[in-house]
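Chemist: Protein chains in written order, with this note's numbering: chain A, 1 to 381; chain B, 382 to 543. Glycine included, each C-beta is placed from N, C-alpha and C at the ideal position.
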Amino acid sequence: MTLQPNDRVAGVPESGIRKFFELAEERDDVISLGVGEPDFSTPWAARSAAIHSLEAGRTSYTSNRGMSDLRRLISDYSRRWGHDYDPDTEILVTSGASEAVDLALRTFISPGDTVAIHQPNYISYRPGIQFAGGEPLAVPTSAANDFVLTPEALDAAGASEAELLVLCYPNNPTGAVMTESEIRAVADYCVDNDIDVIADEIYAALTYDGDHTSIASMPGMRERTIVINGFSKAYAMTGLRLGYALGPAAAIGSMNRVHQYTMLSAPTTAQYAAVEALRSCDDAVTEMTAEYNRRRRFVLSRFEEMGLDCFTSRGAFYAFPECGGDDEAFAEDLLKQEGVAVVPGRVFGEGGTGHLRVSYATSMRELKTAMNRIETFCRNR
Amino acid sequence: MDTKRELLSLLSTDARESTEDIARQLGVDAATVEELLDELEAEGTVRGYRAVVDWDNTDDQHVAAFVELNVELDRETGYEEIADRIARFAEVESLRLVSGDYDFAIEVTGDSMQDVSRFISNQIAPIPEITQTVTHFIMQTYKEAGIDFGDRDDDDRLSVSP
Numbered sequence: 001m002t003l004q005p006n007d008r009v010a011g012v013p014e015s016g017i018r019k020f021f022e023l024a025e026e027r028d029d030v031i032s033l034g035v036g037e038p039d040f041s042t043p044w045a046a047r048s049a050a051i052h053s054l055e056a057g058r059t060s061y062t063s064n065r066g067m068s069d070l071r072r073l074i075s076d077y078s079r080r081w082g083h084d085y086d087p088d089t090e091i092l093v094t095s096g097a098s099e100a101v102d103l104a105l106r107t108f109i110s111p112g113d114t115v116a117i118h119q120p121n122y123i124s125y126r127p128g129i130q131f132a133g134g135e136p137l138a139v140p141t142s143a144a145n146d147f148v149l150t151p152e153a154l155d156a157a158g159a160s161e162a163e164l165l166v167l168c169y170p171n172n173p174t175g176a177v178m179t180e181s182e183i184r185a186v187a188d189y190c191v192d193n194d195i196d197v198i199a200d201e202i203y204a205a206l207t208y209d210g211d212h213t214s215i216a217s218m219p220g221m222r223e224r225t226i227v228i229n230g231f232s233k234a235y236a237m238t239g240l241r242l243g244y245a246l247g248p249a250a251a252i253g254s255m256n257r258v259h260q261y262t263m264l265s266a267p268t269t270a271q272y273a274a275v276e277a278l279r280s281c282d283d284a285v286t287e288m289t290a291e292y293n294r295r296r297r298f299v300l301s302r303f304e305e306m307g308l309d310c311f312t313s314r315g316a317f318y319a320f321p322e323c324g325g326d327d328e329a330f331a332e333d334l335l336k337q338e339g340v341a342v343v344p345g346r347v348f349g350e351g352g353t354g355h356l357r358v359s360y361a362t363s364m365r366e367l368k369t370a371m372n373r374i375e376t377f378c379r380n381r
Numbered sequence: 382m383d384t385k386r387e388l389l390s391l392l393s394t395d396a397r398e399s400t401e402d403i404a405r406q407l408g409v410d411a412a413t414v415e416e417l418l419d420e421l422e423a424e425g426t427v428r429g430y431r432a433v434v435d436w437d438n439t440d441d442q443h444v445a446a447f448v449e450l451n452v453e454l455d456r457e458t459g460y461e462e463i464a465d466r467i468a469r470f471a472e473v474e475s476l477r478l479v480s481g482d483y484d485f486a487i488e489v490t491g492d493s494m495q496d497v498s499r500f501i502s503n504q505i506a507p508i509p510e511i512t513q514t515v516t517h518f519i520m521q522t523y524k525e526a527g528i529d530f531g532d533r534d535d536d537d538r539l540s541v542s543p
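(1) Ordered along the chain, which non-local residues of its own chain (more than five positions away) have a Cβ less than 8 Å from that of ALA526 (chain B)?
(2) Taking the alpha-carbon positions, what's the TYR125 (chain A) to ILE195 (chain A) distance?
(3) Can you name the residues that DSSP bridges to ALA489 (chain B)?
(4) Please give me, in chain order, every unbroken run of the beta strand (DSSP E) with length at least 3 that falls completely inside the region 294 to 359 of chain A.
(5) Ordered along the chain, which non-local residues of its own chain (more than five positions away) have a Cβ less than 7 Å from that of ARG27 (chain A)?
(6) List in chain order: all unbroken alpha helix (DSSP H) runs of 4+ residues lying wholly within the region 124 to 154 of chain A.
(7) Below 7 Å on C-beta distance, what does VAL30 (chain A) contact in chain B?
(8) List the whole-angstrom C-beta distance separating VAL452 (chain B) from ILE511 (chain B), where the pair is believed to meet the contact cut-off of C-beta under 8 Å.
(9) Counting Cβ pairs, one atom from each stretch, are 3 or more of them under 8 Å apart for the region 293 to 313 of chain A and the region 212 to 221 of chain A?
(10) With DSSP collapsed to three states, give me the class of ALA176 (chain A).
(11) Please list, in chain order, the chain B residues whose beta carbon lies closer than 8 Å to that of ALA100 (chain A).
(12) Along the region 108 to 124 of chain A, what residues have a CB closer than 9 Å to any CB found in chain B?
(13) Starting from the beta carbon of ILE17 (chain A), find every residue of chain B whose beta carbon is closer than 9 Å, and list them in chain order.
(14) From the DSSP output, which residues share a beta bridge with SER32 (chain A)?
(15) Are the CB atoms of ALA100 (chain A) and ALA245 (chain A) within a distance shorter than 7 Å?
(16) Around the Cβ of ARG65 (chain A), are there at least 16 other Cβ atoms within 10 angstroms (buried) or fewer (exposed)?
(17) Examine chain B for any beta-carbon lying closer than 7 Å to the beta-carbon of ALA24 (chain A), and answer yes or no.
(18) Say whether chain A places a C-beta atom closer than 7 Å to the C-beta of GLY408 (chain B).
(19) Report the partner residues of ALA199 (chain A) according to the DSSP bridge assignment.
(20) Restricting to Cα atoms, I'd like to know which of A:ARG346, A:THR42, A:ASP188 is closest to PRO321 (chain A).
(21) Please identify the residue among B:GLN504, B:ARG538, B:PRO543 whose C-alpha is closest to the C-alpha of PHE40 (chain A).
(22) Under 8 Å, with one C-beta from each stretch per pair, do the region 100 to 109 of chain A and the region 257 to 276 of chain A reach the 3-pair mark?
(23) Keeping to the same chain, check which residues put their C-beta closer than 7 Å to that of SER78 (chain A); ignore five residues upstream and five downstream.
(24) Quick check for students: name the residue ranges of the beta strand (DSSP E) that lie wholly in the region 88 to 112 of chain A, counting only runs of 3 or more.
(25) Which value, in whole angstroms, describes the spacing of the CA atoms of TYR169 (chain A) and ALA204 (chain A)?
(26) On a Cα-Cα basis, can you pick out the residue from A:MET237, A:THR107, A:VAL343 that is closest to GLY34 (chain A)?
(27) Anyone know if the C-beta pair for ILE252 (chain A) and THR213 (chain A) falls short of 7 Å?
(28) Can SER15 (chain A) and ALA24 (chain A) be called in contact, C-beta distance under 7 Å?
(29) Return the bridge partner residues of TYR244 (chain A) from the DSSP annotation.
(30) In whole angstroms, give me the CA-to-CA distance for VAL9 (chain A) and GLU135 (chain A).
(31) Thinking C-beta only, is VAL497 (chain B) closer than 7 Å to ALA21 (chain A)?
(32) Quick one: what's GLU525 (chain B) bridged to in DSSP?
(33) Cutting at 6 Å between CB atoms, please list the residues of its own chain near ARG314 (chain A), excluding the five before and the five after it.
(34) Determine the chain B residues that contact PHE298 (chain A) at a beta-carbon separation under 8 Å, and present them in chain order.
(35) Would you say ARG294 (chain A) lies against chain B (beta-carbon separation less than 7 Å)?
(36) In chain order, what residues of the same chain have a beta carbon less than 6 Å from the beta carbon of PHE330 (chain A), not counting five sequence neighbours either side?
Pasting the structure below:
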């Protein structure tokens, strides 16, 4: 047989989201609450800067690590989370935060390494770990504990033996955030057990009722953490594919070694958009965040009214209610009967079963209709 | 942002939401929203609630013009007195004192160009303090009150994504 995938690739199943995507595509009256990206367009100033860069013919590669202006602006921007990274040696601009995650996994995992990931979680970490030759170790979190990762949960899962932890808060799919003291407890556990951390903080700017705390700002963590962030969620730039990694110079240097041979540099047009985004789009981000926050309160209050248990998510743009039964059947029936698409929680791993991921990155008008339909569906079920 | 400020920002995007829906979005009860609305109205912060109409999509004749007004003040008459006299006309949609080459910028509406012209020449121009008027008929509206008339807001995202 020709062109057979290797065991690592063959061992990774197709994404569970795929099926719902196909079901939702079959009809055109669907309101989708299954979307993992902003409904806003990239702020015009950033788009306009990208257009201008194209008109001026700025279409060559940039430096491997990204344009120096951009790295300087990222360094300044990151100070709001208590970071201090040198733009010349400690920042790497990537093709989306996804590339940064993949680079980190490929750079720091040795074959057979154990990599702890809290569950439920974004669907790409586990395959990424497997592609890199690592062994994923699931660490369950639960609604009873507001989907927060604790040292106790890490310990119970056997994470003390892990080489690496992938941490994602604010979390996709739950919308959970972690407070400073909760982050500190996990940080202490990592220091005590000599665990490195890949902290995917792509939703950091979308934190409501409080501030995001980065694990890299905790004592003893800077030297063992790669912080990943990007422009997709905060600046509504998903399709422009631009993210970055922050970390100690030697670690970023190692990631850059993979990056320079595989990607060369992140998309140039997107880098120009990002420079402008950081220079002038703070107000737009504030406005979008305020709008998400209103929708969040609306959705949570509607779930409460219809009697669906839903913990108070405080980040990203997801709510994660319990559906009181089989989440996959619920999601499928809801789509077929009422034309509302949500993603069954089990797709996101252990602890997700029995829940639904409901994205509120959709206009208030659509959200209102969708919530009414879900209410009707629940009443008839 | 405090709740009152947030209510204001919500209303300035969409004033037609029900009190219940506003309450859900602000995380307070409906009675609180009613109270804040009363306050905002009583203190004169919220002056009214109106639809943003694209008249080109109706069968009605609707003509609007921006008019520049130059005025000459004297000891007895200030901007306030002149503004008050102009604002009383129902035809005047908006009236602002502006910096620059002229004094007042007003928007006037009517059923036809003739209608608007007649109003300017019969009612506005004769006001003694007004020394000059320049009328700009509006030919096409692309955006009004923050709403882009060209934007149909098509959602081209994948219906389900991670």
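Modeler: In short, the structure shows the following:
(1) VAL433
(2) 17 Å
(3) A small fix is needed here, since residue 489 (chain B) is Val in this sequence, not Ala. VAL489 (chain B) is bridged to B:ALA446, B:VAL473.
(4) 356 to 359
(5) GLY339
(6) 125 to 131
(7) SER540
(8) 5 Å
(9) no
(10) coil
(11) Under the 8 Å cutoff, chain B gives no residues; its nearest Cβ is about 16 Å from ALA100 (chain A).
(12) TYR122, ILE123, SER124
(13) VAL541, SER542, PRO543
(14) A:ALA341
(15) yes
(16) buried
(17) yes
(18) yes
(19) A:LEU167, A:VAL227
(20) A:ARG346
(21) B:ARG538
(22) yes
(23) TYR85, LEU246
(24) 91 to 94
(25) 7 Å
(26) A:VAL343
(27) no
(28) no
(29) A:VAL93, A:ASN229
(30) 14 Å
(31) The sequence given here places Phe at residue 21 (chain A); Ala does not occur at that position. No; because the gap between Cβ atoms is not below 7 Å, this pair is not in contact.
(32) B:ILE528
(33) VAL177, TYR208, ASP209
(34) ASP402, ARG405, GLN406
(35) yes
(36) CYS323
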